[in-house]
Structure formats: C-alpha cells, structure tokens
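Reading through the structure tokens given below for one structure.
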Amino acid sequence: MTRGKHPNKDIRAAVEHALKHGWRLKPAKGHGWGVLFCPENDPACRSGKFCIKSVWSTPRRPEEHARDIRKWVDDCIHMGDAKK
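The opening position of the sequence shown corresponds to residue 0 in numbering that gives the first Met the number 0, with each subsequent residue numbered one higher.
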C-alpha cells in the first residue's frame, strides 16, 4: 500500500494488527481512508459477506473504530488458523 500511516494511533495499531494476520489494505477514495480484505475471501465467513472492513479517515470515536477493526479481524473464521 502506498498511502501513508493513519493519523490516529489507535486505528493505525488496529490496521497493523490486521496486516500482521495477512489482511491486505487497499486505499479508499472519498471519506474512507482504506479497506481491509481478508486473505481467504471465503463466502462461508460472515454469512457470505466475506471479510471486508472499511477504515475511516476521521471517525467520530477513533478508539471505538479501532476496537471494531480488531474485533472484525479476530472474529474472522480463519483467525483460528492464524492463532495456531
């Protein structure tokens, strides 16, 4: 990814957590800062919604957004494989 680091430290740490577990980050246009994609792209995960999470540039509550990103990554059905 060529985009710089996220301006908020909590969100930056959550994005790094996702990247550490194999997720990829694609820059977004407009209000979004980026989009995280699970490396598996499995339709069985999240009832066919796949594991895709938007990363906002200036969320109203950055700490809560960072917590949501971490939870999204950790709740992926493939995270069990990564934790082993």
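In this text, a Cβ means the ideal position worked out from N, Cα and C, and glycines have one as well. Note that the structure is a prediction, hence the values are computed from the model and not measured.
Would you decide whether Lys19 is buried or exposed? Buried here means 16 or more other CB atoms lie within 10 Å of its CB. For Lys19, the number of other beta carbons within 10 angstroms of its own is below 16, and it is reported as exposed.
Note down the Cα distance separating Ala13 from Ile68, rounded to an integer number of angstroms. Distance between Ala13 and Ile68, taken at the CA atoms: about 6 Å.
Lys28 classed as buried or exposed, judged by whether at least 16 other C-beta atoms fall within 10 angstroms: exposed
Proximity of Val72 and Trp32 at Cβ, strictly below 8 Å: Contact flag unset, no.
In angstroms with no decimal places, state the Cα-to-Cα distance between Glu15 and Pro26. Glu15 and Pro26 have their alpha carbons spaced roughly 14 Å apart.
In chain order, what residues of the same chain have a beta carbon less than 8 Å from the beta carbon of Ile51, not counting five sequence neighbours either side? Val34, Leu35, Phe36 and Cys37
Measuring CA to CA, which of Arg60, Glu39, Ala65 and Asn40 is closest to Arg11? Ala65
Taking CB distances under 8 Å as the criterion, tell me whether Val34 reaches chain C. Of the chains in the structure shown, none is chain C; there is only one protein chain.
Here's the rule: buried if 16 or more other CB atoms are within 10 angstroms of the residue's CB, otherwise exposed. What is Asn7? That one is buried.
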